[in-house]
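First comes the structure, then the notes that go with it.
Residue numbers (the numbering used here), protein chains in the order written: chain A, 1 to 143; chain B, 144 to 594.
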């Protein structure tokens, strides 16, 4: 029996999918590697694609004293970075302006650049802005 | 559970759990298998190769998720299984190697200077146990443990006897730091191989080459959930609320753990569903018991409150992850929980009540300062009593007892940082204890005829 383990499994992965010839057997460590790296087997493409989308979603929260132009400024920065707003809610909680945006950042230059731009905008308009991966909130509230 | 996209209320609830209620990941612990490491240099190479990116990766994940990761630790294969020979100097070299490599990769504690001696101690086990006081005196980050009993093997009373002496010697060797060495030494019954929490973490048999395990926490989140219930709500409503809350905390822990595991390229181990307090205000298990309706922890009612809490924590957590493990329950370390420490100082909490409480919760007599003149026999007898609770009830129990040289009951001892501070507790001390002197072996308990 020829073994595919965590040591050599990467050599069998092409374009995010596993290609194995007859005569090879997957050891437990290789299966673990495939799961961790979202490598798909036949028929699992859609699930892997869905996971990739979820990984690109961030939750942006904006908090502070209400003033004109907050939504325009924050949304403007997201648009400038080619982020796509997929959900937006806004309210006044105990006198504090609170806004939550869900943004697909797959078009942006990545998490760090997005955060840098939004933090700068937050300073300019005096609002507290945080950017967090959506997946952690989803893990907390969805099975 | 709702489906579909998250609502604003759900997102704001999560934000509040972190910002207001101190929700955090208490520890991300990387277990590393040291089999085949023949020299201290081999150990250093193995640990740095596996753990080199641990701090960078966990820092990035904490930023991106907004969930603080308080501690990063390493657990290794029990050194008594790794050491080739039992010479004191070789064992101390291994301890120094662990200490140095922990500092290099940036973790504050490395656990696994350990031996499993529940039935018999090998020569190397014995030498390791005897080396513990000097290993703790010479190193800063090394933690160790000795398993002296299991439900299957019974209690190794010879080892219990010996550990009484080892703890006294550890206290003497680290007397200038209020016996801090004893805070890094856990004596277990039914030790688990995948516990991510220090000081008792080690990478046990069957755990693979390396694994990431996560210890969750959040006593503050649970306390605030209980505060939102109507006053006088019946016990089952409290249990329900705790389950719901711990479910969410556990989901976060599993998510973060799996992400660390993926980025580090090692297997995912377990989520330890524990409520681990710290001395930060609002991060107390005792406070939850007081909210349940015990005026001060240690008074009558404390055991039932803790039993309900512990059970509800496990139920909520077990629903949230199929990778629950480790110790999973509520911790009651006296020095690490400000409300436990103050209840002990005010005389509401005594050692015997703590012992009773350990029968219904995770772990055992943890971080307890004892008078400096407590005898080795008395310490061994306390360990044996605690082990008996563990093996009869099929659960892990442990002792982390600190006889502080020169200290008297009521005096406060401060170990600083996470280890916290505690008053020296009164103990019914005897110079010799017959049951300990007998030594030998307590046979394992019967597991049939359970009706």
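Using N, Cα and C, we set each Cβ at its ideal position, and we do this for glycine too. For clarity, every value in this text was computed on a predicted model and none was experimentally measured.
Next on the checklist: On the criterion of 16 or more Cβ atoms from any shown chain inside 10 Å, does residue 476(B) qualify as buried, or is it exposed?
Outcome noted: buried
Item to check | Contact set for residue 430(B): own chain, Cβ-Cβ below 6 Å, skip 5 residues either direction | outcome: 366 and 482
Checklist entry - Of the residues 568(B), 382(B) and 286(B), which one's Cα is nearest the Cα of residue 448(B)? => result 382(B)
Checklist entry - Is the beta carbon of residue 406(B) sitting closer than 9 Å to the one on residue 203(B)? => result Yes, Cβ-Cβ distance for residue 406(B) and residue 203(B) is below 9 Å.
Checklist entry - Shortest alpha-carbon distance to residue 138(A) belongs to which of 232(B), 518(B), 395(B) and 545(B)? => result Among 232(B), 518(B), 395(B) and 545(B), the Cα nearest to that of residue 138(A) belongs to 395(B).
Checklist entry - Could you give the residue range of the beta strand (DSSP E) that holds residue 378(B)? => result Residue 378(B) -> not in any beta strand (DSSP E); alpha helix (DSSP H) instead, spanning 378-407.
Item to check | Contact list for residue 417(B) against chain A, beta-carbon separation under 9 Å | outcome: Result: empty, since nearest Cβ-Cβ is about 18 Å, beyond 9 Å.
Next on the checklist: Helix, strand or coil, according to DSSP, for residue 364(B) in the structure here?
Outcome noted: Helix at residue 364(B).
Item to check | Proximity below 9 Å, CB of residue 494(B) to CB of residue 511(B) | outcome: yes
Checklist entry - If contact means a Cβ-Cβ distance below 9 Å, which residues of the segment 128-142 of chain A contact chain B? => result 130, 131, 132, 133, 134, 135, 136, 137, 138, 139, 140, 141 and 142
Item to check | Residue interval of the alpha helix (DSSP H) (run including residue 354(B)) | outcome: Segment 353-359 is the beta strand (DSSP E) holding residue 354(B); no alpha helix (DSSP H) there.
Next on the checklist: Rounded to the nearest angstrom, what separates residue 46(A) and residue 461(B) at their Cα positions?
Outcome noted: At residue 46(A) the pLDDT is 48, less than 50, meaning the model places this residue with poor confidence and gives no usable figure here.
Checklist entry - Which word fits residue 327(B), buried or exposed, when buried means at least 16 other C-beta atoms lie within 10 angstroms of its C-beta? => result buried
Item to check | Interface residues of chain A facing residue 154(B) [CB-CB closer than 8 Å] | outcome: 59, 61, 100 and 137
Item to check | Selection from 173(B), 283(B), 272(B) and 508(B) that minimises the alpha carbon distance to residue 411(B) | outcome: 173(B)
Next on the checklist: Run through the DSSP bridge pairs and tell me what residue 71(A) is partnered with.
Outcome noted: None, per the DSSP bridge assignment.
Checklist entry - Quick one, which residues of the segment 422-445 of chain B are near chain A if we go by CB-CB under 9 Å, in chain order? => result Listed by position, the residues of the segment 422-445 of chain B near chain A (Cβ gap below 9 Å) amount to none.
Checklist entry - Cβ atoms of residue 533(B) and residue 332(B): under 9 Å apart, would you say? => result yes
Next on the checklist: So, at 7 Å on beta carbons, what are the nonlocal neighbours of residue 348(B) in its own chain, with the 5 sequence-adjacent residues on each side left out?
Outcome noted: 336
Checklist entry - Apart from the five residues just before and just after residue 164(B), which ones in its own chain have a Cβ nearer than 6 Å to its Cβ? => result 363, 364 and 367
Checklist entry - Any C-beta of chain A sitting closer than 9 Å to the C-beta of residue 148(B)? => result It does; some Cβ of chain A falls within 9 Å.
Next on the checklist: Can you tell me whether residue 144(B) is buried or exposed? The criterion is at least 16 other CB atoms within 10 Å of its CB, across all chains shown.
Outcome noted: Any reading at residue 144(B) needs caution, since the residue's pLDDT is 47, under 50, leaving its predicted position unreliable; the model's value is listed next. Exposed, by the Cβ-count rule.
Next on the checklist: Can you list, in chain order, the residues of its chain with a C-beta nearer than 7 Å to that of residue 444(B)? Leave out the 5 residues immediately preceding and following it.
Outcome noted: 436 and 437
Item to check | For residue 288(B) and residue 342(B), believed in contact at Cβ under 8 Å, the rounded distance | outcome: 7 Å
Checklist entry - According to a CB-to-CB cut-off of less than 9 Å, which residues of the segment 23-42 of chain A neighbour chain B? => result 28, 29, 32, 33, 35, 36, 37 and 38
Item to check | Per DSSP, cross-strand counterpart(s) of residue 104(A) | outcome: According to the DSSP secondary-structure assignment, residue 104(A) is paired through a beta bridge with 57(A) and 84(A).
Checklist entry - Expressed to the nearest angstrom, what Euclidean distance is found between the alpha-carbon atoms of residue 33(A) and residue 408(B)? => result 7 Å
Next on the checklist: For residue 56(A), which residues in the same chain have their Cβ closer than 6 Å to its Cβ, ignoring the five residues on either side in sequence?
Outcome noted: 104, 105 and 106
Checklist entry - Do residue 98(A) and residue 134(A) have their CB atoms nearer than 9 Å? => result no
Next on the checklist: Give me the residue from 434(B), 416(B) and 498(B) with the minimum Cα distance to residue 373(B).
Outcome noted: 434(B)
Item to check | Backbone CA spacing between residue 547(B) and residue 318(B) [nearest angstrom] | outcome: 7 Å
Item to check | Coil, strand or helix - residue 451(B) by DSSP | outcome: helix
Checklist entry - Between the segment 291-309 of chain B and the segment 530-545 of chain B, do three or more beta carbon pairs fall short of 8 Å? => result yes
Checklist entry - the segment 338-356 of chain B: which residues have C-beta closer than 8 Å to a C-beta of chain A, in chain order? => result Cβ contacts with chain A come from 351 and 352.
Checklist entry - Is the beta carbon of residue 166(B) sitting closer than 9 Å to the one on residue 210(B)? => result When the beta-carbon positions are compared, residue 166(B) and residue 210(B) come within less than 9 Å of each other.
Checklist entry - Can you give the Cα-Cα distance for residue 169(B) and residue 357(B), rounded to whole angstroms? => result In this model, residue 169(B) and residue 357(B) are separated by some 8 Å (Cα to Cα).
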